[in-house]
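One structure below.
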Amino acid sequence: MPPVKLAAEALLTYTLMKKINSIFIVDDDPITVYGIKKILTSVAQCNTIFEFKNGQVAIDQIKKMVLENSELPELIFLDINMPIMDGWEFLEDFVKLPIKDTININIVTSSIDQYDKDRAEDFKSLTHHCIQFNSKPIKRSEIEEITEIVSV
Amino acid sequence: MIKNTPILSNEFLIKQLPISTVFINRESRVVLASDKWAEDFNFQGKDYIGKTIYELFNKTSGKWAKILESCFEGKFPEPEIESILTINSQEIWFEWTSTPWYDEQENIIGAIVQTENVTDRVKTELKLEKLQFLQKETTEHGKLGTWEYNKLQDSFSCSQMIRTILEVDDDFDLNIDNIVEFYKTGYNKNTISMAIYNAREKNTPFKEKLQIITANGNEKWVNVSGMPLFKNGEYVALLGIVQDITDFVLKEQKTKDNEHLLKTLINNLPLQIYIKDIQSKKLLANKSELSFLGIKDENDIIGKDDFDLYDKATAQKFRDEDVEVMISQIPMLNKELSYRNPDGSVTTFLSSKIPLKGDNGEVNGIVGISMDISEQKQKEQELKDLISVTSSQNKKLINFAHIVSHNLRSHSANFAMLLDFLAHEKDKEERSRIMEMLSESSKNLMETLHNLNDIVAINTESNIIKQKVNLNTNINKVLNKLKPQLDKNRATIISEISDDVNLNVVPSFLLNILENIVSNAIKYRKPQLDPVIKFSLNYVQNYTVLSIEDNGLGLDTKKYGHKLFGMYKTFHGNPDAKGLGLYITKNQIEAMQGKINATSQVGSGSTFNLYFNEKN
Chain C
189 MPPVKLAAEA LLTYTLMKKI NSIFIVDDDP ITVYGIKKIL TSVAQCNTIF
239 EFKNGQVAID QIKKMVLENS ELPELIFLDI NMPIMDGWEF LEDFVKLPIK
289 DTININIVTS SIDQYDKDRA EDFKSLTHHC IQFNSKPIKR SEIEEITEIV
339 SV
Chain W
57 MIKNTPILSN EFLIKQLPIS TVFINRESRV VLASDKWAED FNFQGKDYIG
107 KTIYELFNKT SGKWAKILES CFEGKFPEPE IESILTINSQ EIWFEWTSTP
157 WYDEQENIIG AIVQTENVTD RVKTELKLEK LQFLQKETTE HGKLGTWEYN
207 KLQDSFSCSQ MIRTILEVDD DFDLNIDNIV EFYKTGYNKN TISMAIYNAR
257 EKNTPFKEKL QIITANGNEK WVNVSGMPLF KNGEYVALLG IVQDITDFVL
307 KEQKTKDNEH LLKTLINNLP LQIYIKDIQS KKLLANKSEL SFLGIKDEND
357 IIGKDDFDLY DKATAQKFRD EDVEVMISQI PMLNKELSYR NPDGSVTTFL
407 SSKIPLKGDN GEVNGIVGIS MDISEQKQKE QELKDLISVT SSQNKKLINF
457 AHIVSHNLRS HSANFAMLLD FLAHEKDKEE RSRIMEMLSE SSKNLMETLH
507 NLNDIVAINT ESNIIKQKVN LNTNINKVLN KLKPQLDKNR ATIISEISDD
557 VNLNVVPSFL LNILENIVSN AIKYRKPQLD PVIKFSLNYV QNYTVLSIED
607 NGLGLDTKKY GHKLFGMYKT FHGNPDAKGL GLYITKNQIE AMQGKINATS
657 QVGSGSTFNL YFNEKN
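Chains as they are written, first to last, in the numbering used here: chain C, 189 to 340; chain W, 57 to 672.
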């Protein structure tokens, strides 16, 4: 493919791409973070992507943002197995925060355990936030779908 | 009033008659009486002359009148025996003989009545009659027969009962010789022959319990006794008494058989059986009960209570139960109770106590039945332990499988994702970055597999071979190994453990555990504080407890306590932390039948307590 056509294609894609202001990725595995970021940037226009090594640092940041009344992330990718504060503990704290907007939370885990799926369902019923459960490996189609929902 | 009294001149003679005599005229009035008569009937000093005898004896005419009347007609009536009650309410028997009273002209002018006190005679007669009756009844009911052999006349006589016992007819000629023939051949016949011989020759009485065969061939048991009689020191006769005791012997035999059966049963049942009276004193104890109490002879336990046999507390408990059962009259059934033996072992019983009621319906003791179920109890406990071990192992296994599958999946997911990227990536630089990540991932996977292998090895039975090792030697080994880190961080080690402490452990596990905890204490030290690690030792029940205390970061055990020893759990955001160290430590100590726990507070250090099981 000639470079010009490539650039044009890229431009076209870019203009068609959804825009998402702020995304949080909470995961201690750098490869997963790399993968999510790679797919995200290819399917959506993301202004800022924040990475957090565990639930604690992420929830601390969100609490700070709530206090400062600053703009919250529209989309959160959340791992379950993490040190210090795991995904479930993060969710427990998160759903208690006074956030009016609907935040999209995407659980990305290597677990395929029904127990974990049920737990995600439990959280869904507890909150107005949008919670989805995805098993690793995360697929491009899934991320496309997610960004679709968020940007609408 | 009295006419024609020709005898008046003889009055003093009559008065003195030694026989009680009264002269009665045809009007039944007393004309004359001997003093003896007045004395006999208590008329002394009283005015009885001229009174009718009916008045005097307070009788209506009737029979007396008839008798007197027949005398007046010249007849001689049969003597009559009659009893009267004296003033002292004594019964006196009299024989009355009435005869006509003639005057000189042979005219009957009345009756002469002579009375004789026959009280003694009557009484003797009654006594005899009674005795005869008693003898008859006794011989019949007691099946007692008697015989008598008269030596002088060489005659033999016997009562009817003898014939009944021997089942012979009245015309059967019994004698002193053939009576012996009815005894069963052998011991019985020999015994009676000897007894009779000895009685006749040596004048010795005898009493034997023997068996006879009747004329009809029936076998009977008899009590036979013999008594030689003497006159002037010379043997004249032999008296024999034979009692048929067949029914009694058979009943006795049956009772004995029953008793024997019961005794055999009680003694051979695998149960402890005893009977206690109302004071909880033992009346009976079977073999099992005796052997449990370590007593050989039943007589050594009869009359003893539990206070003689058990310690005071146990005895009081048993006594309280006994009283409860006796008062409530409700049996205590299958109550489980444990008794600590002097040697420390525990015996468990299934004990039942049943109120024992007498004929009057009142409780007069208890029957106790105890079954030693120690063995079953022990088996039950072993089974419970086994189930507990199995279920805990099962839980561990599920947990482990869960973690492993999760872990392996996260690696394979990364592989899948990276390979997918690689397939579509055209940029050379990006491709080489992905390749780098792939090789990093594969290295991680290898390491994970190694770790998992280590964990599996810990729980493999064949690797758990415990031996005695010196604790300080091993602590020093670990401290030497970690010397560079310890020195670098200016760590202080304080040990309160004396050099003679030994532990029964898997040596490699102990080293691993110590290294892990000590290196954790360095890893999670407080930034501005030089680490201090303190070793101390305690003994708790069956465990030797090694406590390792540090002054490091500590952690919120309320929040993280349950995860502290979990797999892949890290708490301080340390990039080197893999979340395996304490998991392996826990697995190793549990594989040695020990346990581990930790106390900690954020900012004020942690203490890890290692429980080494010294028994198993």
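Don't be surprised by glycine CBs; every beta carbon is placed ideally from N, CA and C.
All figures in this text were calculated on a predicted structure; none of them were measured in a lab.
Kindly indicate the opening and closing residues of the beta strand (DSSP E) around R396 of chain W.
-> 388–396
Cα-Cα separation between G359 of chain W and L365 of chain W, rounded to whole angstroms | 11 Å
Are there 16 or more other CB atoms within 10 angstroms of the CB of A513 of chain W, so buried, or fewer, so exposed?
-> exposed
Establish whether the CB of G635 of chain W and some CB of chain C are separated by less than 8 Å.
-> yes
What residue from W:G273, W:D353, W:E345, W:N231 has the CA that sits closest to G296 of chain W's CA?
-> W:N231
For K225 of chain C, which residues in chain W fall below 9 Å Cβ to Cβ?
-> The premise fails here: K225 of chain C is roughly 11 Å from chain W at the closest Cβ pair, so nothing lies under 9 Å.
Taking Cβ-Cβ distances shorter than 7 Å, what residues in chain W pair up with P286 of chain C?
-> Per Cβ cutoff of 7 Å: no residues; P286 of chain C is ~23 Å from chain W at best.
Supposed contact pair F113 of chain W and I164 of chain W - C-beta distance, whole angstroms, cut 8 Å = Going by Cβ atoms, the distance from I164 of chain W to F113 of chain W rounds to 22 Å, so no, they are not a contact pair.
With distances taken Cα to Cα, identify the nearest neighbour of S384 of chain W among W:S656, W:G421, W:I235, W:T600.
-> W:G421
State whether the region 567–585 of chain W contacts the region 541–551 of chain W, with contact taken as three or more CB pairs (one from each stretch) at a distance under 8 Å.
-> yes
Nearest-angstrom Cα separation, counted from I75 of chain W out to T61 of chain W | Annotation note: pLDDT 48 at T61 of chain W (below 50); position unreliable, coordinate value reported separately. Near 21 Å, if we compare the C-alpha coordinates of I75 of chain W and T61 of chain W.
Taking G424 of chain W as the reference, give the member of W:E264, W:E418, W:Y330, W:A271 with the closest Cα.
-> W:Y330
Any idea which residues DSSP pairs T202 of chain W with across the strands?
-> W:I297
Span of the alpha helix (DSSP H), counted from its first residue to its last, around I645 of chain W = 637–647
Strand pairing of F363 of chain W, partner residues [DSSP] = F363 of chain W pairs with nothing; no bridge assigned.
State the start and end residues of the unbroken alpha helix (DSSP H) segment that holds L190 of chain W.
-> 175–197
Separation of A654 of chain W from G617 of chain W, as counted between CA atoms | 8 Å
Meets three-Cβ-pair contact criterion under 8 Å: the region 305–320 of chain C and the region 460–469 of chain W = no
Collapsed DSSP secondary structure at Y303 of chain C in the structure displayed | helix
Let me know the secondary structure DSSP gives R256 of chain W once reduced to three states.
-> helix
Should V86 of chain W be labelled buried (16 or more other beta-carbon atoms within 10 Å of its own) or exposed?
-> buried
Where the beta strand (DSSP E) containing K665 of chain W begins and where it ends | Just to set this straight, residue 665 of chain W is Asn in the shown sequence, not Lys. Segment 662–669, the beta strand (DSSP E) holding N665 of chain W.
Assigned exposure category for N242 of chain C - 16 Cβ within 10 Å defines buried = buried
Roughly how many whole angstroms lie between the Cα atoms of V224 of chain W and Q146 of chain W?
-> 50 Å
What is the rounded straight-line gap between the Cα of H506 of chain W and the Cα of G400 of chain W?
-> 48 Å
Which of the three DSSP states, helix, strand or coil, is assigned to V497 of chain W?
-> One point to set straight first is that residue 497 of chain W is Ser, not Val, in the sequence displayed. The answer is helix: DSSP assigns S497 of chain W an H, G or I state.
Beta-carbon neighbours of I219 of chain C, restricted to chain W and to distances below 8 Å = N470, M473, L474, M493, E496, S497
Nonlocal neighbours in the same chain, by C-beta distance under 8 Å from D141 of chain W, ignoring five residues either side | The amino acid at residue 141 of chain W is misidentified as Asp; the sequence shows Leu. Excluding sequence neighbours, L141 of chain W sits near E147, I148.
Please work out which residues of its chain come closer than 7 Å, Cβ to Cβ, to I168 of chain W, disregarding the five sequence neighbours upstream and downstream, and give them in chain order.
-> T77, F79, T155, W157
What's the gap between the Cα of S347 of chain W and the Cα of N665 of chain W?
-> 47 Å
Check Q249 of chain C in the structure and name its three-state DSSP category.
-> helix
Taking E277 of chain C as the reference, give the member of C:E256, C:I291, C:D248 with the closest Cα.
-> C:D248
Give the DSSP bridge partners of G424 of chain W, in chain order.
-> W:Y330, W:K409
What are the partner residues of F5 of chain W, as DSSP defines its beta bridges?
-> Nothing about residue 5 of chain W can be read from this structure; chain W reaches only from 57 to 672.
For T641 of chain W, the nearest candidate out of W:N568, W:A341, W:F591 (CA to CA) = W:N568
Three-state secondary structure assigned by DSSP to Q267 of chain W = strand
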